[in-house]
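In the working numbering, the protein residues as written are 2 to 240.
Ideal placement from N, C-alpha and C gives every residue a C-beta, glycine not left out.
Reading through the structure tokens given below for one structure.
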């Protein structure tokens, strides 16, 4: 597989999702063979005309879909066919509002429970990853695509802190799928307001998890998800 087979992504598109879709097609249609190593982050970033952090987000999405496996210090490889997961939702399917609402409804109990478990089970390394993502969300890049990427990293880091790999798998998968909606919410609102509100909600989650208070962590996550749904004009069933 050569990087020449990929097309540069238009800047108007949500970059990680579009890059993942293009690489995913190459894998699904056999142009990247099972077990074959993907080009390096550097080469992919240069080919697509994006930053390496955007490429990392795309690879993380493919990993959540079971199409890619990453090996520490070696790189990313197309998953062998017999080990691939069947869980897959095409981004285009979520253009249907009812379908999108259903996926967001599924996100609610998973992320709320994950926040509580993370408060109990997190390690110092988990908190470092959560804090790193939060720092990126609150830094100079908070107004950019990188800020959205950091938001997704925060939720994956929290899922990882549960010490239950299935939370990481499913929450990572869902978070990637709804990432385009974060862009939609930003486009509809006053950017300064929505970014600052979103950051404050994530800070509240972080503080509750760090204090090892599962009830408070669950409440903070519930408030964040309900407020985020409101910013998307979604009406969810909550109890």
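Check, Outcome
"Between which two residues does the beta strand (DSSP E) holding residue 70 run?", "69-72"
"Where residue 242 and residue 77 are concerned, what is the direct C-alpha to C-alpha distance, given to the nearest angstrom?", "Absent from the model: residue 242. The displayed extent of the chain is 2 to 240, so no value can be given."
"Mark residue 117 as exposed unless 16 or more other C-beta atoms lie within 10 angstroms of its C-beta, in which case mark it buried.", "buried"
"How would you label residue 231, buried or exposed, when you count the other beta carbons within 10 angstroms and need 16 or more for buried?", "exposed"
"Would the beta-carbon of residue 156 fall within 7 Å of that of residue 176?", "yes"
"In angstroms with no decimal places, state the Cα-to-Cα distance between residue 112 and residue 58.", "19 Å"
"Rounded to whole angstroms, what is the Cα-Cα separation between residue 123 and residue 28?", "35 Å"
"For the region 154-240, which segments carrying the alpha helix (DSSP H) assignment without a break, of at least 4 residues, lie completely within its bounds, in sequence order?", "166-178, 180-189, 192-211, 215-232"
"Of the residues 213, 63, 234, which one's Cα is nearest the Cα of residue 39?", "63"
"Sort out for me which residues DSSP pairs residue 38 with in a bridge.", "78"
"Is residue 153 buried or exposed, if buried means 16 or more other CB atoms sit within 10 Å of its CB?", "buried"
"Here's a check: name, in chain order, each residue in its chain whose Cβ is nearer than 7 Å to the Cβ of residue 21, leaving out the five neighbours to either side.", "59, 62, 63"
"Could you name the residues of the same chain whose beta carbon sits closer than 6 Å to that of residue 173, not counting the 5 residues immediately before and after it, in chain order?", "65, 157"
"Please classify residue 25: is it buried, with 16 or more other beta-carbons within 10 angstroms of its beta-carbon, or exposed?", "buried"
"Which term fits residue 75, buried or exposed, when burial requires 16 or more other beta carbons within 10 angstroms of its beta carbon?", "exposed"
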